[in-house]
Amino acid sequence: MSGPAIVIRSVDKTFNPGTRGEVAALETVDLTVAPGEFVSLIGPSGCGKSTVLRLIADLVAPTAGEIEVFGKSAHQARLDRDYGMAFQSAGLFSWRKVARNIELPLELMGWSKADREARSAEMLAMVRLAEFGKHYPWQLSGGMQQRIAIARALSFKPRLLLMDEPFGALDEMTREHMQSELLSLVSDLGTTVVFVTHSISEATFLSDRVVVLSPRPGRIHEIIDVPLGSGRTDDAREEPAFFACSTEIRESLRAIGAAA
Amino acid sequence: MADQRGPVIIDAAANSRLGSVGGWARNLGLVAVAVAVMVVAWEGYKAIGQAIGGTWPGTSVDLPVSPDDLTMPHTWSILGALFEPVQRGSDETLAVFLLKAAAFTFVEAGLGFLIGGLVGLGLAVLMLRSPLLDRALVPWINISQTVPLIALAPIIVTWGRTTFLGDTVSVALIAAYLTFFPVAVNGLVGLKSPSTEKLELMRSYAAPWSKTLIALRFPAARPYLFPAFKLAATLSVVGAIVGEISAGVRGGLGRAILDYAGRYTTGPEKLYAAVLGAALLGLFVFGMANLAEQRLVNEGEEQPR
Ligand SMILES: Nc1ncnc2c1ncn2[C@@H]1O[C@H](COP(=O)(O)OP(=O)(O)OP(=O)(O)O)[C@@H](O)[C@H]1O
Ligand SMILES: [Mg+2]
Chain A
1 MSGPAIVIRS
11 VDKTFNPGTR
21 GEVAALETVD
31 LTVAPGEFVS
41 LIGPSGCGKS
51 TVLRLIADLV
61 APTAGEIEVF
71 GKSAHQARLD
81 RDYGMAFQSA
91 GLFSWRKVAR
101 NIELPLELMG
111 WSKADREARS
121 AEMLAMVRLA
131 EFGKHYPWQL
141 SGGMQQRIAI
151 ARALSFKPRL
161 LLMDEPFGAL
171 DEMTREHMQS
181 ELLSLVSDLG
191 TTVVFVTHSI
201 SEATFLSDRV
211 VVLSPRPGRI
221 HEIIDVPLGS
231 GRTDDAREEP
241 AFFACSTEIR
251 ESLRAIGAAA
Chain B
261 MADQRGPVII
271 DAAANSRLGS
281 VGGWARNLGL
291 VAVAVAVMVV
301 AWEGYKAIGQ
311 AIGGTWPGTS
321 VDLPVSPDDL
331 TMPHTWSILG
341 ALFEPVQRGS
351 DETLAVFLLK
361 AAAFTFVEAG
371 LGFLIGGLVG
381 LGLAVLMLRS
391 PLLDRALVPW
401 INISQTVPLI
411 ALAPIIVTWG
421 RTTFLGDTVS
431 VALIAAYLTF
441 FPVAVNGLVG
451 LKSPSTEKLE
461 LMRSYAAPWS
471 KTLIALRFPA
481 ARPYLFPAFK
491 LAATLSVVGA
501 IVGEISAGVR
511 GGLGRAILDY
521 AGRYTTGPEK
531 LYAAVLGAAL
541 LGLFVFGMAN
551 LAEQRLVNEG
561 EEQPR
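Residue numbers (this note's numbering), protein chains in the order written: chain A, 1 to 260; chain B, 261 to 565.
Here's what the structure looks like:
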């Protein structure tokens, strides 16, 4: 498995073409993501970050251009369950206990009950909520629910994880904690991640590369490498390279007119 | 109805147990108070009405309802009639007779509830699946409820008698005609209630439409379906009684009401007792649906905003 994880080749996306509600969301977007890489998308609201994610996930189809995921079409990759997804709202099913939420994708994939239970126990331990499997989602705090959503997305150990502002609704402290946790989870599993965020520090801390999108229509303005290396700990937040990189992202956002 | 959002409680198990015991006691108390108020109002109206001679004071204009014992028998005569023989020489009391009639009507109503519920759910799923069917069916579903049941009932029973269906099934079909409607309408809203994010999550798992229906749409529809089931439960009793009366089916509460209305002058208490039985049967099925809701929809369940 040496090819790229994701290839986006001159993709355009126009919603409702030819009608009064026409929106040119993305224009000639080119992006290649390597296996195991952590790439963040940042940019002003409405610039098309979620649309990029939804294109990769084959939840919407491009108007022009093509998207490959692990060397196949995005559609085939979805059918092969090559990726997991997490959103800003945890989106847990309130009528299922926590463990059974994690098992939902496994159920749909036809896993046996014993295998499902073993895996959900493993995932619960991984997000350090082992004792909450029998609780209902609403008995958990927002941060705990989000960890369950991540455990659900990773339960079948997909090679790719797509995340749309997953920590957007959390407070700063919980958020930083979850960032470290996510990094160690995905580096253990070798998961490729595409991560949408509004936070410069979050993008810097998590990513190998940060993609800055400009709005109307969304284009890639700049791709910034983050030279913090792998195996980052919270100490990385205090390194000069962290500040330098954050500044670079901020300058880039300022150049496209996003007050940041 | 959809936004009765209960407070979020941390220990749901303990709390709902406490809540239901307290709830039962409170509900029983409320019922007792309501019955007492009705008895006092009834007897008070009679007493005052008779004291002033049955007309508005100072005029010769009659009161809206005459307070005499034929039009408004005493509450205790109604109660007493329950424990007297249903006919002279019979050793069955009216209470037992009405209980049997209620059981007969309950079977018709229950069958009608089941048929109506299944048809309603089926229609909701069809309308969800196909926007074309949705547009085609909605006018018919609405028109169906404007056709008077009284007109329809004899037709259904006549058809039933020409086929292998018995009268019980015919009356059940009449009840189903009323019950499918709220289930179809609320069911469709409930099936459409999951957020785009949850639906996209199911798509991301490449879940087929049927799995999405079972694992997401049906569970999400429960908070919408149960209010419809409660309404349908009471409607099924109404439908069964109206069906019996208009089709002349023997053995149920509808027939008893019709008979006692015909023999009103010789025993008005019996008619009131039969009507009371019908009301209690309605309450009973409503209570059953309510109990099912409490069991199957959690208190902390996320409600649509
Ligand atoms: N289903 C859709 N139909 C029509 N227009 C859409 C649709 N989805 C997105 N758009 C439009 O496409 C543009 C990009 O939307 P997108 O959700 O990708 O932005 P975003 O960068 O994720 O914004 P935010 O940071 O606010 O989440 C917006 O102008 C939006 O209105
Ligand atoms: Mg977005």
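In this text, a Cβ means the ideal position worked out from N, Cα and C, and glycines have one as well. This structure is a prediction, so every number in the text was calculated from the model and none was measured.
Can you list, in chain order, the stretches of the beta strand (DSSP E) that have 3 or more residues and sit fully within the segment 190-222 of chain A? Listed in chain order, they are 192-196 and 209-214.
Report the residues of the segment 349-383 of chain B with a CB closer than 8 Å to any CB of chain A, ordered along the chain. Result list empty, no residue passes.
Can you find a heavy atom of ligand 2 that lies under 7 Å from the Cβ of Ser455/B? No - ligand 2 has no heavy atom lying nearer than 7 Å to the Cβ of Ser455/B.
Beta-carbon distances below 5 Å to any heavy atom of ligand 1 define the shell here; list its residues in chain order, please. Going down the chain, each residue whose beta-carbon is closer than 5 Å to a heavy atom of ligand 1 shows up: Phe15/A, Val23/A, Ala25/A, Ser45/A, Gly46/A, Cys47/A, Gly48/A, Lys49/A, Ser50/A and Thr51/A.
With a threshold of 7 Å (Cβ to nearest heavy atom), would Val39/A be considered close to ligand 2? Residue side-chain check: Val39/A keeps its Cβ at 7 Å or more from all non-hydrogen atoms of ligand 2.
Any C-beta of chain A under 8 Å from that of Ser464/B: Yes, contact with chain A.
For Pro528/B, which residues in the same chain have their Cβ closer than 6 Å to its Cβ, ignoring the five residues on either side in sequence? Take Pro528/B, set aside five residues on each side of it, and the residues of its chain with a beta-carbon closer than 6 Å to its own are Leu330 and Pro333, in chain order.
Which class does Thr319/B belong to by DSSP, given the choice of helix, strand or coil? Coil at Thr319/B, not helix or strand.
Reducing DSSP to helix, strand and coil, say where Ser141/A ends up. Shown here, Ser141/A sits in coil according to DSSP, grouped into three states, outside any helix or strand.
Beta-carbon spacing of Ser326/B, Pro414/B below 8 Å: For Ser326/B and Pro414/B, no; Cβs fall outside 8 Å.
Could you tell me the boundaries of the alpha helix (DSSP H) in which Lys49/A lies? First-last of the alpha helix (DSSP H) with Lys49/A: Lys49 to Ile56.
From Thr456/B, Leu383/B, Leu392/B and Pro391/B, residue whose alpha carbon lies closest to that of Ile401/B: For the options Thr456/B, Leu383/B, Leu392/B and Pro391/B, the alpha carbon positioned closest to that of Ile401/B is the one of Leu383/B.
Who are the Cβ neighbours of Asn446/B in its own chain at under 7 Å, not counting the five residues just before and after it? Excluding five sequence positions before and after Asn446/B, the CB atoms of its chain that fall closer than 7 Å to its own CB belong to Tyr484, Leu485, Pro487 and Ala488, given in chain order.
From Ser246/A to Ile42/A, what distance separates their C-alpha atoms? Ser246/A and Ile42/A: Cα-Cα distance of roughly 12 Å.
Candidates Ala435/B, Val545/B, Ala552/B and Tyr520/B: closest to Arg482/B by CA position: Answer by Cα proximity: Ala552/B.
For Glu281/A, list the residues DSSP reports as bridge partners. Examination of residue 281/A is not possible in this model, given that chain A is present from 1 through 260 alone.
For Pro105/A and Phe156/A, believed in contact at Cβ under 8 Å, the rounded distance: The distance from the Cβ of Phe156/A to that of Pro105/A is about 5 Å, consistent with a contact at the 8 Å cut-off.
Buried or exposed: which applies to Trp95/A, given that a residue is buried once 16 or more other Cβ atoms fall within 10 Å of its Cβ? Answer is buried; the Cβ neighbour count reaches 16.
What residues in its chain sit with their C-beta under 7 Å from that of Arg119/A, if we drop five residues either side in the sequence? Same-chain partners within the cutoff: Leu106 and Ser155.
In chain order, what residues of the same chain have a beta carbon less than 7 Å from the beta carbon of Lys452/B, not counting five sequence neighbours either side? Contacts found: Leu388.
For a contact meaning CB atoms closer than 8 Å, what does Pro391/B contact in chain A? Those do not exist, as Pro391/B stays about 17 Å from chain A at its closest Cβ, beyond 8 Å.
Should Val60/A be listed as close to ligand 2, given that the test is whether its C-beta is under 7 Å from any heavy atom? At a threshold of 7 Å, Val60/A does not count as near ligand 2, since its beta carbon sits no closer than that to any of the ligand's heavy atoms.
Ligand 4 and Val212/A: does any heavy atom of the ligand fall closer than 7 Å to the residue's C-beta? Inclusion of ligand 4 in the displayed structure is not the case, the ligand content consisting of ligand 1 and ligand 2 alone.
Mind checking Lys458/B: buried by the 16 CB within 10 Å criterion, or exposed? By the 10 Å Cβ count, Lys458/B comes out buried.
Tell me whether Asp82/A counts as near ligand 2, meaning its Cβ is closer than 7 Å to at least one heavy atom of that ligand. In terms of side-chain proximity, the C-beta atom of Asp82/A is found no nearer than 7 Å to any non-hydrogen atom of ligand 2.
Taking a contact to mean a Cβ-Cβ separation below 8 Å, would you say Thr197/A touches Ser40/A in this structure? Closer than 8 Å, so yes.
Let me confirm a value: Ala101/A is counted as buried when at least 16 other C-beta atoms fall within 10 Å, else exposed. Which label applies? Ala is not the amino acid found at residue 101/A; the sequence shown has Asn there. Burial state of Asn101/A is buried, judged by a 10 Å Cβ sphere holding 16 or more other Cβ atoms.
Nearest CA to the CA of Gly231/A: which residue from Asp12/A, Leu185/A and Glu202/A? For the residues Asp12/A, Leu185/A and Glu202/A, the minimum Cα distance to Gly231/A belongs to Leu185/A.
Can you find the residues in the same chain that come closer than 7 Å, C-beta to C-beta, to Val379/B, ignoring five residues on each side of it along the sequence? The answer, listed in chain order, is Ala436 and Phe440.
Which of the three DSSP states is assigned to Phe546/B in this structure? Helix at Phe546/B.
Count the other CB atoms, across all protein chains shown, that sit within 10 Å of the CB of Ile6/A; report buried if there are 16 or more and exposed otherwise. Buried, by the Cβ-count rule.
Which term fits Met298/B, buried or exposed, when burial requires 16 or more other beta carbons within 10 angstroms of its beta carbon? Burial call: exposed.
Considering only residues of the segment 467-522 of chain B, which uninterrupted alpha helix (DSSP H) runs meet the minimum length of 4 residues and lie entirely inside it, listed in chain order? Whole alpha helix (DSSP H) segments, 4+ residues: 469-472, 478-507 and 513-522.
Looking at the C-beta of Glu460/B, does it have a partner C-beta in chain A at a distance below 8 Å? True, the Cβ-Cβ gap to chain A drops below 8 Å.
Looking only at C-alpha atoms, which of Pro468/B, Leu438/B, Pro454/B and Thr494/B sits nearest to Asn550/B? Asn550/B has its Cα closest to that of Thr494/B, out of Pro468/B, Leu438/B, Pro454/B and Thr494/B.
Separation of Met144/A from Ser89/A, as counted between CA atoms: Going from the Cα of Ser89/A to the Cα of Met144/A covers about 12 Å.
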